[in-house]
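So the structure is just underneath, and the comments pick up after that.
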Amino acid sequence: MLAPVMREKSSQLVQFDDLGRRSRKSLFGLDAEDLSDCMLEAGEPPWRGCQLVEALYRQRITELDAITTLPKALRQRLAAEGWQVGRPAITQVFQSADGTERYLVEGQSGDGLTMETVWMPEGDGGESGDGSDSGEGRDSDRSETLGASSFPRSSAERVGDHQLGSTYGLGTPVLDSETREDSRQRATICVSSQVGCAVNCDFCLTARLGLQRNLTAGEIAGQVLAVFDRHAVEVGRDRVNLVFMGMGEPFLNYGNFMGAVRLLVGEMGLSPQRMTVSTSGIVPGIERFAGELPEFRPKLAISLNAPNDAVRSQIMPINRKWPIASVIDSVRKVKLRPRERITFEYVLLGGVTDRPEHAVEVARLIRRTGLPAKVNLIAWNPGPGIHYATPQLEAVEAFRRTLMDAGIPAYVRKPRGRDIYAACGQLKRTVEG
Ligand code: SF4
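Take 161 as the starting number for the sequence shown in our numbering and just add one per residue.
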């Protein structure tokens, strides 16, 4: 008889039935050590755990019965004990005219709450994820043309009920061969760490949800694999960057966020230098992050968004707890790799944070930190019920120019997927395409 449950870690999510009894237990989200322990407790040799790692994270198998490296009798015994693969699955797809896709992803808990993940072919010009500068200006015209021709309109596809019928083959991205090749070369996946968010930034649609729950490590890593499968991404061949900038504040779900990173790096073979985590400035989280081993530490982005504490506290209440100086002090503790830079994300709110004097102040602030840094500028993306204005294009360019003139690399992130609520600050499980 299989022992009931191995030691529980934050990365494991056990489901309960209506009577509160344990029902389904997910293998996905357990690391190599956990899986070996699991097999030992089942009376199997620990190397069966390695077979599970290979099946779950390298071969990306989603059904227990399809893991044929395990004997059939063992698969049946695991299933009878309530084990399943339990990998998160895409349930709905929204396709933008610009090629971006936004997904609603069902997690492991069965609570009906979905998380959001975004696929941006060619990235968004802001974060290349590998220590190099963004791809700004590189082939951008071509990529926009390809995106537009392949995704003629924004649309919604509900996986499983053929909302759009055969035009948008289920589980299959609408990519011609040329676009597919380009997507394989370069794309960015924006990953959520929580359902909703408690940080309550005034300009952000996700904040309107409040915090609904933390995601498990398996749910965070599972978003990536679900999107990899959809786009036939091959690890080691394709240049796909991960940004933990979706719903939620990763450093308020620190253990599960880093658990996911360890799965993605350790079990799946992704490079942490192709990953960037963005925080609103959770100082204890940044300090903990500073202690992570470089081989498992993504790059760090700080969501700055304002030139000074007065403005920042107005639009980001978290600043009252951890003002800019304390955030910068904690960032200084992160030991950067050669050529690595801290990214400062800056959302430009028309008339509020986009004025010429703000640009001068931001330049001064960043220079004073003495950190190797760059700035990603994001023109605010509109959301229903949020009363800010999108900045003028000229104001965005003038802001960027001021930073550049001050010797600070600055990039403008392309607004991706605005028409499907996939752009920065727009993730709110909106179901209108
Ligand atoms: S901007 Fe980020 S940290 Fe702020 S409320 Fe939105 S999701 Fe949370």
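Where is the CB? At the ideal position from N, CA and C, for every residue including glycine.
### Query
From which residue to which residue does the alpha helix (DSSP H) around T436 run?
Counted from its first residue, the sequence shown places residue 436 at position 276. T436 -> not in any alpha helix (DSSP H); beta strand (DSSP E) instead, spanning M435 to T439.
### Message
Residues around ligand 1, please: the ones whose beta-carbon is closer than 7 Å to some heavy atom of it, in chain order.
### Response
Every residue passing the under-7 Å Cβ criterion appears here: C357, V359, N360, C361, C364, T366, A367, M407, G408, E409, S440, S463, M476 and G585.
### Task
Identify every residue that forms a DSSP beta bridge with T274.
Counting from one through the sequence shown, the residue named residue 274 turns up at place 114. DSSP lists E266 as partners of T274.
### Task
Starting from P498, follow its DSSP beta bridges and name the residues at the other end.
On the sequence shown, residue 498 is found 338 positions in, with the first residue counted as 1. Per DSSP, none; premise fails for P498.
#### Entry: For Q219 and P333, the rounded distance between their alpha carbons
Walking along the sequence shown from the start, residue 333 turns up at place 173. Walking along the sequence shown from the start, residue 219 turns up at place 59. With a pLDDT of only 41 at P333, under the threshold of 50, the placement of this residue in the model should not be trusted, and no figure is reported.
### Task
Give me the Cβ distance between T387 and I442, rounded to the nearest whole Å; I'm assuming they're in contact under 8 Å.
Your numbering for residue 387 matches position 227 in the sequence shown. Your numbering for residue 442 matches position 282 in the sequence shown. Strictly speaking, residue 387 in this sequence is Val, with Thr absent from that position. By a beta-carbon distance limit of 8 Å, V387 does not contact I442. Their separation comes to about 26 Å.
### Task
Identify whether R480 lies in helix, strand or coil by the three-state DSSP scheme.
Here residue 480 corresponds to residue number 320 of the sequence shown, with the count starting at 1. Helix.
### Query
For K574, which three-state DSSP category applies?
For this step, residue 574 is matched to residue 414 along the sequence shown. Residue state, collapsed to three classes: coil.
### Where the alpha helix (DSSP H) containing T251 begins and where it ends
For this step, residue 251 is matched to residue 91 along the sequence shown. DSSP places T251 outside any alpha helix (DSSP H); the residue lies instead in the beta strand (DSSP E), whose first and last residues are A249 to Q255.
### Message
Does the stretch 432–449 come into contact with the stretch 482–502, if we say contact requires no fewer than three beta-carbon pairs (one atom in each stretch) closer than 8 Å?
### Response
Touching, yes.
#### Entry: Residues of its chain near E447, where Cβ-Cβ distance is below 7 Å and the 5 sequence neighbours each way are ignored
Locating residue 447 in the sequence shown gives position 287, where the first residue counts as 1. Answer for E447: S490 and K493, listed in chain order.
### Query
Are there 16 or more other CB atoms within 10 angstroms of the CB of T513, so buried, or fewer, so exposed?
Taking the first residue of the sequence shown as position 1, residue 513 is located at position 353. Around the beta carbon of T513, 16 or more other beta carbons lie within 10 angstroms, which makes this residue buried.
### Message
Using C-beta distances below 8 Å, list every residue in its chain close to E204, excluding the 5 sequence neighbours before and after it, in chain order.
### Response
By one-based count along the sequence shown, residue 204 stands at place 44. Closer than 8 Å at Cβ, skipping near neighbours: L234.
### DSSP state of V400 mapped onto helix, strand, coil
Within the sequence shown, numbered from 1, the residue matching residue 400 stands at position 240. Secondary structure at V400: strand, using DSSP grouped into helix, strand and coil.
#### Entry: Three-way DSSP call (helix, strand, coil) for P281 in this model
Residue numbering aside, residue 281 sits at position 121 when the sequence shown is read from its first letter. In the structure shown, P281 falls within a strand segment according to DSSP collapsed to helix, strand and coil.
#### Entry: Distance CB(V535)-CB(F504) smaller than 7 Å
As a working mapping, residue 535 is identified with position 375 in the sequence shown. As a working mapping, residue 504 is identified with position 344 in the sequence shown. The beta carbons of V535 and F504 sit closer together than 7 Å.
#### Entry: CB contact flag (P410, V384, <7 Å)
Residue 410 sits at position 250 when you count from the first residue of the sequence shown. Residue 384 sits at position 224 when you count from the first residue of the sequence shown. Contact flag unset, no.
#### Entry: Contact check, L224 vs A239, beta carbons under 7 Å
Counting from one through the sequence shown, the residue named residue 224 turns up at place 64. Counting from one through the sequence shown, the residue named residue 239 turns up at place 79. Taking 7 Å as the Cβ cut-off, L224 and A239 qualify as a contacting pair.
### Message
Using 8 Å for Cβ pairs, my map puts P458 next to M435. What's the rounded Cβ distance?
### Response
Numbered from its first residue, the sequence shown carries residue 458 at position 298. Numbered from its first residue, the sequence shown carries residue 435 at position 275. The distance from the Cβ of P458 to that of M435 is about 4 Å, consistent with a contact at the 8 Å cut-off.
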